[in-house]
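*Asks:* Numbering (the working numbering), first residue to last: -11 to 243.
#1: Report the three-state DSSP secondary structure of residue 12 (helix, strand or coil).
#2: Please list the segments of the alpha helix (DSSP H) lying wholly inside the region 171 to 214, counting only runs of 4 or more residues, in order along the chain.
#3: If you draw a straight line from the C-alpha of residue 60 to the C-alpha of residue 160, how long is it?
#4: Is the separation between the beta-carbon of residue 128 and that of residue 185 shorter than 8 Å?
#5: Beta strand (DSSP E) containing residue -4: first to last residue?
#6: For residue 94, is the classification buried or exposed, using 16 other Cβ atoms within 10 angstroms of its Cβ as the cut-off for buried?
#7: On the DSSP letters alone, give me the boundaries of the alpha helix (DSSP H) that residue 143 sits inside.
#8: Note down the Cα distance separating residue 194 from residue 213, rounded to an integer number of angstroms.
#9: Cα separation between residue 221 and residue 155?
#10: Per DSSP, which one or two residues make a beta bridge with residue 121?
#11: So what does DSSP say about residue 71, is it helix, strand or coil?
#12: Going along the chain, which unbroken runs of the beta strand (DSSP E) with 3 or more residues stay wholly within the region 32 to 83?
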């Protein structure tokens, strides 16, 4: 797959596969094309060349609204919450395509059937709130929360889609160590206990290497390596492009 913006090549001939049930991470320097790749998978961008297949179905030309019902959810590098809405209502928005009676009708209780349906959906949302340990802020406006909690709420909204594949764009950016540890735990539980396949962009190499099944490295829009965390760390191009050529000497000098 390739992606161009005018004369600028964001991605060039990148091919890879995410296997069902794994945590697959994409790493690389700033401007490597990581978010562009996720935007193509989610439908925000359409590739200039190539195709995207999900569970055997070609989704290259499908808009985002038609990818969500197939089981693809995502979070954003820059938070995309509704600041004036409560945490609970932000998460409920994530379930709009699952409401058979229509989201608005469910919200305002126009019909008994819609009311019953919304109650069932709210139960599932409460389960997500319990899972992410955000019970204490469920009625707070999202815009009043700390950055770390807003990242957790955005994850909750993505989970509310009930995706089979969840795309996480820098889920730990701007977090302190404790918040990162919590987020890593949530991601692993989503993968191992909730059965979600995870595709993640993340700059924290420690987290990536700890929780990923496989890793792909992009540099200037091109794939330079993929494999297990150990294989990627040992790759000479990765060490030059991402970790730095003099890594070993620096560690020895510090020791």
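No residue lacks a Cβ here, since even glycine has one placed at the ideal position from N, Cα and C. All of these numbers come straight from a predicted model, not from anything done at the bench.
*Replies:* Taking the structure as given:
#1: Here residue 12 sits in strand by DSSP.
#2: 193 to 199
#3: Taking the straight line joining both Cα atoms gives about 20 Å.
#4: no
#5: -4 to -1
#6: Residue confidence for residue 94 is low, a pLDDT of 48 falling below 50, so the modelled location carries little weight; the figure read from the coordinates is stated next. Buried, because 16 or more other Cβ atoms sit within 10 Å of the Cβ of residue 94.
#7: Secondary structure note for residue 143: its alpha helix (DSSP H) is the uninterrupted segment 135 to 148.
#8: 18 Å
#9: 23 Å
#10: Under DSSP, residue 121 takes part in no beta bridge, so it has no partner.
#11: coil
#12: 60 to 62
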